[in-house]
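Those sequence lines, one after another, are chains A and B.
In terms of my numbering, the first sequence has 1446 at position 51, counting the first letter as 1, and numbering is strictly consecutive.
In terms of my numbering, the second sequence has 1407 at position 12, counting the first letter as 1, and numbering is strictly consecutive.
Each residue gets a CB set at the ideal place from its N, CA and C atoms; glycine is no exception.
Number of protein chains: 2
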Amino acid sequence: MVMSAQPVGSVAGRQWAELLHAIGLRQTTPRLMVLDALSALGHGRVEDIHQAVVERAPAVSLSTVYRQLETLTEHGVVSHTHLLAGTKTYQLVSHADHAHLVCRDCGAVVELDGTIAARFTAEVSGTHGFTVDFGHLSVFGRCAGCAPERAQEAG
Amino acid sequence: MVMSAQPVGSVAGRQWAELLHAIGLRQTTPRLMVLDALSALGHGRVEDIHQAVVERAPAVSLSTVYRQLETLTEHGVVSHTHLLAGTKTYQLVSHADHAHLVCRDCGAVVELDGTIAARFTAEVSGTHGFTVDFGHLSVFGRCAGCAPERAQEAG
DNA sequence: GGGTAGTTGCGAACCGTTGGCAACTACTGC
DNA sequence: GCAGTAGTTGCCAACGGTTCGCAACTACCC
Ligand SMILES: [Mn+2]
Ligand SMILES: [Mn+2]
Ligand SMILES: [Zn+2]
Ligand SMILES: [Zn+2]
């Protein structure tokens, strides 16, 4: 058997119909599920996305998830960044309007302040003529909680 | 046969002797070659480093290069960043005092201006209490030359 | 309701990286 | 100098994430 057993467009899909039609991609169950998963997860690795998809459509293969992420990326609907070593973390481009700070020690991920991001972008553009790809930017380092114990009087 | 045929410490090694002795690592040909390669290359992928090493010591295996980079990283002599998709780019920590701007279109890599970097670090620290790992930071985007044609009167 | 091009599931292939192991050697202490 | 020992290495198999090939299937247009 190929494809999923679940009918298309029941609950999911609806919000993607217009988008997919505009870029000329068919509304298939796997595709809609991947979009739903990304929307719900915010961002996730291929395996995370596949797992989320399989919960509602058990027949969707990992290969298909890979292919969907590739296709959707080519069409500008999805992008990726690197929040963990060794793998890409995918996200909807609509979610890629901010950069991330990733703690090496505890793995915490927080969004970079918009003002700082804007100034950084402006300066890089002015000095280097370089346009920063925000959604892809991940800044690794150590968060406040994991910093070597020091002025922790407030604790 | 194991090990290389080239004697240790002839030309290379000399500058690493003190460093390696201090951290308790033996001065082996593969190790010295990897350090020399990193020093000469600035930064490179495992395959680049291996290729450089093999030019002077043909017997050094790829596995050993991987192990050296791992060991030297654990001892704080080497670090890595990501200048290309899918692989780590290794460098001496002494070279990791700056971040990089990487152009998606032409692949150009330039060092980020120190002043911008310093301000960014300070702001991130102040607002998020987050300490940025500079050497690992790679900013992807599009360089001036690859930007969509616009005000190019000076051409 | 057909016809067709786009999609999919499956399984194999791929490829960068890691691991196991016996041989070998840099370093220590004599 | 020279043996003893722990650290290293080369070889090669294994591993795990990602990509491919292909025949079956189906969303979409008419
Ligand atoms: Mn986010
Ligand atoms: Mn550099
Ligand atoms: Zn942390
Ligand atoms: Zn460029």
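- prompt: Going by other Cβ atoms of all chains shown within 10 Å of its Cβ, with 16 needed for buried, is H1477(B) buried or exposed?
  reply: buried
task: Within its chain, find whatever has a CB closer than 8 Å to the CB of V1455(B); leave out the 5 residues flanking it on each side and keep chain order.
output: S1399, T1424, P1425, M1428, H1445, V1448 and V1449
Q1422(A) - containing beta strand (DSSP E), residue span: First-last for Q1422(A): undefined, no H or E at that position.
- prompt: With 16 other CB atoms within 10 Å as the buried threshold, where does D1492(A) fall?
  reply: exposed
Contact test: E1469(B) Cβ vs ligand 1 heavy atom, cutoff 7 Å: no
query: Pick from S1533(B), A1417(B) and T1526(B): whose alpha carbon is nearest that of C1541(A)?
result: T1526(B)
message: Quick check: what's the CA-CA separation for E1413(B) versus D1500(A)?
response: 31 Å
- prompt: Of all the beta strand (DSSP E) runs that stay within the bounds of the segment 1464-1490 of chain B, which reach a length of 3 or more residues?
  reply: 1473-1479 and 1482-1487
- prompt: Is the beta carbon of G1439(B) less than 8 Å from the beta carbon of S1474(B)?
  reply: no
Simplified DSSP state of L1532(A), which is helix, strand or coil: coil
message: For D1508(A), tell me which candidate among V1497(B), H1523(B), G1502(B) and C1498(B) has the shortest Cα-Cα distance.
response: H1523(B)
- prompt: Ends of the alpha helix (DSSP H) at H1445(B)?
  reply: V1441 to R1451
message: Would R1499(A) pass as an interface residue toward chain B - the criterion being a Cβ-Cβ separation below 8 Å?
response: yes
message: Under 7 Å, CB to any heavy atom of ligand 1. Which residues pass, going along the chain?
response: G1437(A), H1438(A), Q1486(A), H1490(A), H1493(A), H1495(A) and E1506(A)
message: Is there a Cβ of chain B sitting closer than 8 Å to that of A1539(A), yes or no?
response: yes
query: Around the Cβ of M1396(A), are there at least 16 other Cβ atoms within 10 angstroms (buried) or fewer (exposed)?
result: Confidence is the limiting factor: at M1396(A) the pLDDT is only 40, short of 50, which leaves the residue's position unreliable and the question unanswerable from this model.
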